[in-house]
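**Student:** With my numbering applied, the sequence shown corresponds to residues 31 to 162, in that order.
For every residue, glycine included, the Cβ atom is placed at its ideal position computed from N, Cα and C.
Everything numeric in this text was worked out from a predicted model, so none of it was measured.
My questions will all concern the structure given below.
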Amino acid sequence: MARIAGVDLPKEKKLRVALANVFGIGRPLAEKILEGLKNQISIDIRVKDLNEDQVGLLNSVIAKEYKVEGELRREITANMKRYVEINSYRGYRHRRNLPARGQRTRTNARTRRGRRRTVGAAAKAAPAAGAK
C-alpha cells in the first residue's frame, strides 16, 4: 500500500484518482502532478503497481511544491482565527457558525445552523393542556 503525505492510498484505484484522497489534492491537481512526472510514472498506473522509488518521488514532489494535509488544515484554521480576531464580517459569521460566503439563511443553511428549532408551537401547546 502506497503512503503519500501520511495517507494510505487505495490499492485498486488508478493513481490519478487515488491521489485525490489526499487533503488538498483534487483530480485536476493530481493529473497536473502526474503530467510533470510522466517520464518516471505512467499516468494510468494503478497504486498497487507502484514501486518504492516512484512512491518516494511522488512524496518528494508533493511535499516540496504543495501544501497538503496537516499543513494546509493548519493554514485554513489560522486564517479563520485571524478573521475572528480582527472582527471582520467573515469572522463574525464563523464565530456564530453561520455561512460565511453570502449564502441565504432564511431557508436552507441547515448544514451550518443545525436542526430546526420550532419557536411558537411549544408555547401555544403548553397553556392549552393546563386550561379547563
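1. For N96, which of T141, K62, A139, I75 has the nearest alpha-carbon?
2. Identify the continuous alpha helix (DSSP H) that holds Y119 and give its terminal residues.
3. How many angstroms separate the CA atom of R136 from the CA atom of N127?
4. What do you reckon, are the CB atoms on E105 and V37 nearer than 8 Å?
5. Please confirm whether P129 and R142 have their CB atoms less than 8 Å apart.
6. At 4 residues or longer, and completely inside the stretch 64-118: list those alpha helix (DSSP H) runs for me, N to C.
7. Of the residues K41, S118, N138, which one's Cα is nearest the Cα of D79?
8. Could you give the C-beta distance for F53 and L102, rounded to a whole number, given that I count them as a contact under 8 Å?
9. Between the C-alpha atoms of R125 and L67, what's the straight-line distance to the nearest angstrom?
10. Alpha carbon to alpha carbon, how far is R33 from I75?
11. For A43, which three-state DSSP category applies?
**Tutor:** This is what the structure gives:
1. By one-based count along the sequence shown, residue 96 stands at place 66. Looking at the sequence shown, residue 96 is not Asn but Tyr. The residue with the shortest Cα to Cα distance from Y96 is K62.
2. Walking along the sequence shown from the start, residue 119 turns up at place 89. It spans 119-125 - the alpha helix (DSSP H) in which Y119 sits, taken as one unbroken run.
3. Here the question's residue 136 lines up with position 106 in the sequence shown. Here the question's residue 127 lines up with position 97 in the sequence shown. Near 15 Å, if we compare the C-alpha coordinates of N127 and R136.
4. The residue labelled residue 105 in the question sits at position 75 within the sequence shown. The residue labelled residue 37 in the question sits at position 7 within the sequence shown. E105 is not a Cβ neighbour of V37, given a cutoff of 8 Å.
5. Locating residue 129 in the sequence shown gives position 99, counting from the first residue. Locating residue 142 in the sequence shown gives position 112, counting from the first residue. Contact: yes.
6. 82-95, 99-115
7. Working through the sequence shown from its first residue, we reach residue 79 at position 49. Closest option to D79, judged by alpha-carbon separation, among K41, S118, N138: K41.
8. For the purposes of this step, residue 53 is taken as the residue at position 23 of the sequence shown. For the purposes of this step, residue 102 is taken as the residue at position 72 of the sequence shown. Right, the Cβ-Cβ distance comes to about 6 Å (below 8 Å), so this counts as a contact.
9. Taking the sequence shown and counting its residues from 1, one reaches residue 125 at position 95. Taking the sequence shown and counting its residues from 1, one reaches residue 67 at position 37. Near 43 Å, if we compare the C-alpha coordinates of L67 and R125.
10. Here residue 33 refers to the residue found at position 3 of the sequence shown. Here residue 75 refers to the residue found at position 45 of the sequence shown. If I take the Cα positions, the gap works out to 16 Å.
11. Taking the sequence shown and counting its residues from 1, one reaches residue 43 at position 13. In the sequence as displayed, the identity of residue 43 is Lys instead of Ala. In the structure shown, K43 sits in coil (DSSP, three-state: anything other than H, G, I, E or B).
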